[in-house]
Amino acid sequence: MAGTVAISGGNVVLTVPGPIAGGTSFTPPAVTMNVTAGAAGTSITSKYAGTSYSNPGMTMTTNIAFFGGVATACYPNPSPTLTTTTVS
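Everything in the sequence shown is counted per my numbering, starting at 2 for the first residue and increasing by one.
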């Protein structure tokens, strides 16, 4: 399932169109990023965004029979580091 990628507030936002069938496993599409190195000794770190339910790292809309769409949000606590690269 293809998605779109945009930059919003310093975050890379991946949007995946649905629907995704209930009861199935889903892996988001891979995203390749090219970053510009800073000064030697600095690190480039990627993490999931989100610090609270009002600032989620993932949002979804779940369609439930008889109720319609229900918004769902979650955030990582603590946010795991996905990658770290040290500039040399």
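Cβ atoms here follow ideal geometry from the backbone N, Cα and C, with glycine treated the same way.
Distance from the CA atom of S47 to the CA atom of V71, rounded to whole angstroms, is 29 Å. In the structure shown, the three-state DSSP call for N64 is strand. Nearest Cα to A22 within the set S89, S53 and T63: T63. The beta-carbon separation of P30 and G11, rounded to 21 Å, does not stay under the 8 Å limit for a contact. The beta carbon of P81 is closer than 8 Å to those of K48 and Y49 in its chain, skipping five residues each way along the sequence.
If one requires a minimum length of 3 residues, the beta strand (DSSP E) runs lying completely within the segment 16-84 are 44-48, 59-65 and 69-75, in chain order. M59 has its alpha-carbon roughly 16 Å from the corresponding atom of P20. The C-beta of G51 has 16 or more other C-beta atoms within 10 Å across all chains shown, which makes the residue buried.
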